[in-house]
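In this text, residue positions in the sequence shown follow the working numbering: the first is 78, and each later residue adds one.
Glycine included, every Cβ here is placed at the ideal spot set by N, Cα and C.
Notes to accompany the following structure.
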Amino acid sequence: MKIFRYLILVIALLATINNRLVAESQHADIKAEITKRHDEAVKRLQDWIAQVSIAAEDRGYPEGAEYMAKLARDAGFQQATVINTDGKPGVFATLDAGAPKTVGLYFMYDVKQFDPSEWSSPPTEARIMDKPPLGKVMIGRGAVNQKGPEAAFLAALHAIPGAGKKMPVNLVLVAEGEEEIGSPHIPQLVRRPEVLDALKKCGGVFMPSATQDLDGIVTVNLGSKGVIELELVSSGEKWGRGPAKDIHSSLKAMVDSPAWHLVKALNTLVSED
Numbered sequence: 078m079k080i081f082r083y084l085i086l087v088i089a090l091l092a093t094i095n096n097r098l099v100a101e102s103q104h105a106d107i108k109a110e111i112t113k114r115h116d117e118a119v120k121r122l123q124d125w126i127a128q129v130s131i132a133a134e135d136r137g138y139p140e141g142a143e144y145m146a147k148l149a150r151d152a153g154f155q156q157a158t159v160i161n162t163d164g165k166p167g168v169f170a171t172l173d174a175g176a177p178k179t180v181g182l183y184f185m186y187d188v189k190q191f192d193p194s195e196w197s198s199p200p201t202e203a204r205i206m207d208k209p210p211l212g213k214v215m216i217g218r219g220a221v222n223q224k225g226p227e228a229a230f231l232a233a234l235h236a237i238p239g240a241g242k243k244m245p246v247n248l249v250l251v252a253e254g255e256e257e258i259g260s261p262h263i264p265q266l267v268r269r270p271e272v273l274d275a276l277k278k279c280g281g282v283f284m285p286s287a288t289q290d291l292d293g294i295v296t297v298n299l300g301s302k303g304v305i306e307l308e309l310v311s312s313g314e315k316w317g318r319g320p321a322k323d324i325h326s327s328l329k330a331m332v333d334s335p336a337w338h339l340v341k342a343l344n345t346l347v348s349e350d
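Below, the structure written as structure tokens:
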């Protein structure tokens, strides 16, 4: 019986090692293709940085959305559609790899405003510069937030079929052009019937981000936070124990304070962790 259990463990271990070796072999082919396409990927990012879209300045629309759609199609998405909203247009794209699972992608194609006089090189030229101790880096508006990480993801989509491999998942891409002003119209984008139907098939949503440290270690975030703007009104009269009008603070011992109720309500929005 012990020998039988031992054999099961050995077989399981060998299967794990074999799967790992196969995965490493597949990854090696893809990594080689990425290296081969390095200059092409860098040029793609530089061209994208040159296409500036700034929502706060109404600059680069709809050109930015059209460019985003082209990038998606070039990366293998079978369809990429520019979708108009009451604000800046978004992009919806799908890549059907015939895989059993689907992953959603969130992209933003807009960038923050900039003052060229504050930059060491023109922010739309994406020049390659030496920056000790980092070495060669690209300097441009959007190189980090957010076109650089997104361009790296697109580079992987170019490399995988280029290496003769198949995508392990299907992809649903939603790209917006108003992230830097708080995404006021993204609900109109994601609630479009065709977009919502596609997103419902996703097991999760991934946002490429610049989280590689100086040692080359990459961190994948498993969650994100959003932005909400609202006004809370606390009425003592409505709950029956507070004042119906302004009263002296000395009466707090007898009458509940709407201000303190509001403070307590705000305190429930966050926890210790």
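- One Cα belongs to residue 114, the other to residue 236, and the distance between them is close to 7 Å.
- Under the DSSP assignment, residue 191 falls outside any beta strand (DSSP E); it carries neither an H nor an E label.
- In the same chain as residue 144, and ignoring 5 residues on each side of it, the C-beta atoms closer than 6 Å to its own belong to 128, in chain order.
- Relative to residue 216, the option among 301, 332, 259 and 202 whose CA is nearest is 202.
- Of 327, 138, 275 and 297, the smallest CA-CA separation from residue 162 is found for 138.
- For residue 204, the enclosing beta strand (DSSP E) stretches over residues 204-208.
- Measuring C-alpha to C-alpha distances from residue 105 to each of 242, 264, 166 and 293 identifies 242 as the nearest.
- Residue environment: residue 296 is assigned as exposed (fewer than 16 neighbouring CB atoms within 10 Å of its CB, all protein chains considered).
- Residue 260 counts as buried, since at least 16 other C-beta atoms from the protein chains shown sit within 10 angstroms of its C-beta.
- Partner residues in the beta bridge of residue 216, as assigned by DSSP, are 204.
- With a threshold of 16 other beta carbon atoms within 10 Å, residue 122 meets it and is buried.
- If you draw a straight line from the Cα of residue 317 to the Cα of residue 334, it is about 11 Å long.
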